[in-house]
Structures are given as C-alpha cells and as structure tokens.
Amino acid sequence: MNYPNLERLIEIIEILRSENGCKWDREQTHATLKRNMLEEAYEAVDAIDDDDMKHLQEELGDVLLQVVLHAQIAKEEKAFDIEDISKGISDKLVHRHPHVFGNVKVDSTQEILDNWEKLKKEEKPHRTSIMDGVSKSQAALMSAQKISKKAVKVGFEWPNEESLYDCVLSEIKEFKEAKTQDEKEDELGDILFAVVNLARWNKIDAEQALLRANRKFTARFRQMEALADKDLEQLSLDEWDKLWKQAKKQIEDSVK
85 MNYPNLERLI EIIEILRSEN GCKWDREQTH ATLKRNMLEE AYEAVDAIDD
135 DDMKHLQEEL GDVLLQVVLH AQIAKEEKAF DIEDISKGIS DKLVHRHPHV
185 FGNVKVDSTQ EILDNWEKLK KEEKPHRTSI MDGVSKSQAA LMSAQKISKK
235 AVKVGFEWPN EESLYDCVLS EIKEFKEAKT QDEKEDELGD ILFAVVNLAR
285 WNKIDAEQAL LRANRKFTAR FRQMEALADK DLEQLSLDEW DKLWKQAKKQ
335 IEDSVK
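Sequential numbering from 85 applies to the sequence shown in our numbering.
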C-alpha cells in the first residue's frame, strides 16, 4: 500500500518545525498541545454525532495533525518517531487479536473482550491496583464510569438497581445536610458518582447522556429566544415557564 499524502503531511510538519519553518509551530511542546488534542478529538465526536462525513473527514485530519506534531516533537527530542508509534500500535493490535492473527478460538464478543483484558493485564505487570490505568485527564464522567467498571470486575457492585436508587437519594440527603462549601462539594461529587453508576447499571453512557441533555437544553433555549417578544432579562418566572413548555412542544412536533 502507498500513502503519499500521509508521507506529505509528515514532511510538511517537519518543515514547519524546522529552523526556516513557522515560529508558532517551532514553539509548541507536548504540554502546549494538550488542549488542542482534546478539542480536536471532541470536534471529531461532534461530527460523528451529526452524521456529517465531510466534517468528520476534516476533523479526523485535525486529530491526525496532532499525532504527527507530537511524533515530530518526540523525534527532535530523540524519544520516538511516527514509525515507532505505528509499530507499537500495530504490535499491540496483533497481540490482542489472537483470534484473528493466531490460533485462539472464540464464540462471542464477550470472549474477545475478556481475552483483550487478560492480554492487556499481561502487558502491564507494573499495574498493581485494579484502579491503575484510569486517565487523570479525561472528562470526570468518563473517568467515573471507568473507575466503577473496574470495581465491578472484581465483584464490588450494588446488589440490585433499587439499592442504587437508595444510594442516590441518600447522597442527596447528605448534600442537603452539608454545612460547609467543602462538604457540599464532596457530597455533590458523591451524588454524581452514584448517578454514573445508575447509568452504568442501565447500560447508558453517562457522558453521552449529559452531552445529549446539553444539546437538548441548548436547542430549547434557542427556541425560547426566538419565541420571546421582549428582552429575556425582563421575563417573569411564569413567562419563562410558559416559553420553555412552548419551545419544548415545538421542537418535539418538528421531529415527529
């Protein structure tokens, strides 16, 4: 296989980082590019949610740019390069798919996932706690989901869904009783963590559920802005409530 445009991209980044290249690109480090990596990944996810293939192609290009930039910086530091990255991930994929590249027989997707986790554990003997491997930089809801899933794998689980409802209500009660700001923050965190587990129990991705709620709220608020016959700051509570219900109905009717 031949990928001339990929090779061209690698060459362009190398030029931009060179002495006669771009001052901004030369100034970048792994640390300064962290936010860019996150933003580009989220924008790619937005394109997937919008089912916009043209936009997705563009955003995946931006994600790839971040990978190539980091690889070039590491190459200059004599740490690794794009070839090392490609070899590492290729070797990992082959090793973790013995049912494709080896002689392992599997009968279900669950067996594939179980083998993946087993092989992953063998590759990382330095991890001594079940909680090792949770990213410190990912979104809090995603982190909570991963932490709870790890705990469940070794049997730390609620006995039933009803006990989870009780847990959520108990945490809300403790939040109401909290006195200091620190106590309130702690208890609110416990509420959110309990709700994440309620989502996990129902096989719902909490991060995606909240993103969906954000989009829904934004759409309804925009519709209220369009419906309002005076400045929003002048609306009474009853007027806000009436507008919200009207906006909600109009949006629901438009998708039927």
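We treat Cβ as the ideally placed atom computed from N, Cα and C, and that holds for glycine.
Skipping 5 residues on each side, what residues in its chain have a beta carbon closer than 7 Å to that of residue i?
| i | result |
| --- | --- |
| TRP328 | ARG304, MET308 |
| MET121 | GLN150 |
Give every residue of the same chain whose Cβ lies closer than 6 Å to the Cβ of residue i, excluding the five residues on either side of it in the sequence, and list them in chain order.
| i | result |
| --- | --- |
| PHE185 | VAL178 |
| THR116 | none |
| ALA131 | HIS139, LEU140, GLU143 |
If you reduce the DSSP assignment to three classes, tell me which class residue i lands in.
| i | result |
| --- | --- |
| GLU103 | coil |
| VAL238 | coil |
| ARG211 | coil |
| SER219 | coil |
| SER170 | helix |
| GLU186 | With the sequence shown as reference, residue 186 is identified as Gly, and Glu is not the correct amino acid for it. In the structure shown, GLY186 sits in coil (DSSP, three-state: anything other than H, G, I, E or B). |
| THR113 | coil |
| ARG180 | coil |
| GLU161 | coil |
| ASP289 | coil |
| PRO243 | coil |
| MET85 | coil |
| SER320 | coil |
| LYS263 | coil |
| SER254 | helix |
| SER192 | coil |
| LYS138 | helix |
| ASP337 | helix |
Would you say residue i and residue j are within 9 Å of each other, going by their C-beta atoms?
| i | j | result |
| --- | --- | --- |
| ILE256 | LYS237 | no |
| ILE62 | VAL152 | Nothing can be reported for residue 62: it is not among the residues displayed for the chain, which extend from 85 to 340. |
| LEU258 | GLU271 | It is Glu, not Leu, that sits at residue 258 in the sequence shown. Cβ distance < 9 Å, so GLU258 and GLU271 count as in contact. |
| SER232 | ASN286 | no |
| HIS183 | ASN199 | yes |
| THR113 | ILE157 | yes |
| GLU160 | ARG92 | no |
| GLU207 | LYS176 | yes |
| ASP134 | LEU295 | no |
| ARG180 | LYS162 | no |
| VAL252 | ILE288 | no |
| LEU311 | GLN334 | yes |
Taking the beta carbon of residue i as the centre, do at least 16 other beta carbons fall within 10 Å, making it buried, or is it exposed?
| i | result |
| --- | --- |
| LEU225 | buried |
| PHE301 | exposed |
| HIS154 | buried |
| PHE277 | buried |
| GLN318 | exposed |
| ALA331 | buried |
| VAL279 | buried |
| GLN229 | buried |
| ARG119 | exposed |
| ILE97 | buried |
For the ligand COA, any of its heavy atoms closer than 8 Å to the Cβ of residue i?
| i | result |
| --- | --- |
| ARG284 | Inclusion of the ligand COA in the displayed structure is not the case, the ligand content being empty and no account of it being possible. |
Go through its chain and collect everything with a Cβ distance to residue i's Cβ below 8 Å, but skip five positions before and after it.
| i | result |
| --- | --- |
| ALA293 | ALA283 |
| SER348 | This structure gives no information on residue 348, because the portion of the chain shown stretches from 85 to 340. |
(message) Check whether the region 217-228 and the region 244-251 touch, using three or more Cβ-Cβ pairs below 8 Å as the test.
(response) Segments in contact, no.
(request) Report yes or no: do three or more beta-carbon pairs, one from the region 137-147 and one from the region 115-129, lie closer than 8 Å? (result) yes
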